[in-house]
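Colleague:
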Amino acid sequence: MIDWLTLKLDASLLSPEVRNIFRQKQDMILRLSPEGEKIWEIPARTAIRSDSHQVVARMGSDLEILGSPARVMHSNNVFGSSNIIECFNAMREFICKELEIILPSKPEVWRLTRADITENYLLDSLTEVKQALNYLRHAEGGRYQIRTTAESVYWSPKSRLRSGKAYAKGPHLDYQLNKKQITITPEQLEIAQRILRLELSLKSQFWRDRSLKPWYDYKDSELRQIHNDYFSQFIGHVELAQNDDILDKLNSITTQGQAFAAYRTWKLIKSDGMESARSLMPKSSWYRHKKLLNKAGLSWADFNNANIVKLEKRTILLNNPIEKWK
């Protein structure tokens, strides 16, 4: 699906009346000298809001519009359209309706400077989503710079060509819901807690220098292939572990009580890190649990990086995203 578009239009293609409507609604950003003289002046971006959606516009030498077509078309941006023309029309028509104006409908006169291509992957739980993110934090990125936060992994976030992002959609929706930015049913929110979201942002340099054809000629399948090609560099071999596999293995090599104690230590390592887990228990318990976890197939590297080694592996399939609520 397409989760973001930034489009520009030569302002000379708009009527004077339409240009004035935008300029009357937008603030200006000024830079003044110490003597109070104006050095420069630029238009600020102006939010065009309806009851539940928002698109941002700015009028200068170009009219720039940016926002999420998924939120314009639906009550939230979990799912949306992968048809770039459909998304363009949704944003253009939204602005026309809210401001009661007419904007050019031919995509050929609009320049695309950013498009976010996003896919959702339904896993078994939020824990498994966080596990996948943990793997991706250690994925080899080659020349791609990796930056991480608690719930997200970023690749080359400052690039003007392209950047990637992986994150847990559930916590993001919780935040938006608390801010009253979206509407979503409890059933949908429960499903969203299990969604791993992979987002590819194709930026200005891509559309200016690297794109093989005009933006409006791309088919849904072609955009998805670009998305898959990008993330296959990082996630092609990411495999997820089922926690029950480790517990089952522990139960097969020791008593049920000792297995559960070692398993709790493993969960503590995953949530708080190895050093924190070690500091919270006697040395004898730590080494006993560590020995059992080693027998279950976990290595020192797994403890150190909080990676999960699966006994029977299941791979995230990039070509099998979900496209609607189930």
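Position 229 (the sequence shown) corresponds to 234 in the numbering used here; numbering is contiguous.
Where a beta carbon is used, it is the ideal one built from N, C-alpha and C, also for glycine.
This structure is a prediction, so every number in the text was calculated from the model and none was measured.
1) Is the separation between the beta-carbon of K174 and that of R202 shorter than 9 Å?
2) Return the first residue and the last residue of the beta strand (DSSP E) that M64 is part of.
3) DSSP three-state label for E204, please.
4) For the candidate residues P74, L131 and S110, whose alpha-carbon lies nearest to that of I122?
5) Compute the Euclidean distance between the alpha carbons of Q238 and E204, then round it to the nearest angstrom.
6) Thinking C-alpha only, which one of F99, D15 and I189 is nearest V77?
7) Compute the Euclidean distance between the alpha carbons of S20 and L127, then round it to the nearest angstrom.
8) Which partner residues of S157 appear in the DSSP bridge assignment?
9) On the three-pair Cβ rule with 8 Å, is the segment 249-262 touching the segment 104-116?
10) Would the segment 216-227 and the segment 85-94 be scored as touching if the rule is three or more Cβ pairs under 8 Å?
11) Residues in the same chain with beta-carbon distance under 7 Å from D277, minus the five sequence neighbours each way, listed in chain order, please.
12) Between the Cα of T270 and those of I258, Q261 and W291, spot the shortest distance and give me the residue it belongs to.
13) Among the candidates L166, K135, L138 and I189, whose CA atom is the shortest distance from the CA of D214?
14) Where in the segment 187-242 do unbroken runs of the alpha helix (DSSP H), each at least 4 residues long, occur, reported from the N-terminal end onward?
15) Are the CB atoms of W9 and R152 nearer to each other than 9 Å?
16) Can you tell me where the alpha helix (DSSP H) with W271 in it begins and where it stops?
17) Give me the Cα-Cα distance between L138 and S17, rounded to the nearest whole angstrom.
18) Given that a residue counts as buried once 16 or more other Cβ atoms are within 10 Å of its Cβ, and exposed if not, what is L12?
19) From the DSSP output, read off the bridge partner residues of G72.
20) Going by DSSP, what residue range makes up the alpha helix (DSSP H) through M96?
21) Provide the residue span of the beta strand (DSSP E) that contains E328, from first to last.
22) Given that a residue counts as buried once 16 or more other Cβ atoms are within 10 Å of its Cβ, and exposed if not, what is E42?
23) Which of helix, strand or coil does DSSP assign to D67?
24) Do you know how far the Cα of Q186 is from the Cα of P176?
25) Tell me which residue opens and which closes the alpha helix (DSSP H) that N25 is part of.
26) Starting from N333 and walking both ways along the beta strand (DSSP E), at which residues does that stretch end?
27) From S226 to M6, what does the alpha carbon distance come to, in whole angstroms?
28) Figure out for me which residue from L303, L298 and V23 has the closest Cα to the Cα of L68.
29) Check each candidate in R36, Y235 and E103 and name the one with the smallest Cα separation from V60.
30) How would you call N325, buried or exposed, if buried means at least 16 neighbouring beta carbons within 10 angstroms?
31) According to DSSP, what are the bridge partners of K135?
32) Suppose the cutoff is 6 Å on Cβ atoms and the five residues either side in sequence are ignored; what does the same chain contact list for R293 look like?
33) For S257 and L71, I'd like the C-alpha separation in whole angstroms.
34) Among all the DSSP beta bridges, which residues are the ones paired with W45?
35) Please classify S206 as buried or exposed, where buried requires at least 16 neighbouring CB atoms within 10 angstroms.
Modeller: Looking at the atomic coordinates:
1) yes
2) Q59 to M64
3) strand
4) P74
5) 14 Å
6) F99
7) 47 Å
8) Y172
9) no
10) yes
11) none
12) W291
13) L166
14) 191-197 and 225-240
15) no
16) Q261 to D277
17) 46 Å
18) buried
19) L10 and V60
20) I89 to L104
21) That residue, E328, is in no beta strand (DSSP E); it is neither H nor E in DSSP.
22) exposed
23) strand
24) 14 Å
25) P21 to K30
26) Here the chain has residues from 6 to 331 only, and residue 333 is not among them.
27) 10 Å
28) V23
29) E103
30) exposed
31) According to DSSP, K135 bridges with nothing at all.
32) none
33) 56 Å
34) R36
35) buried
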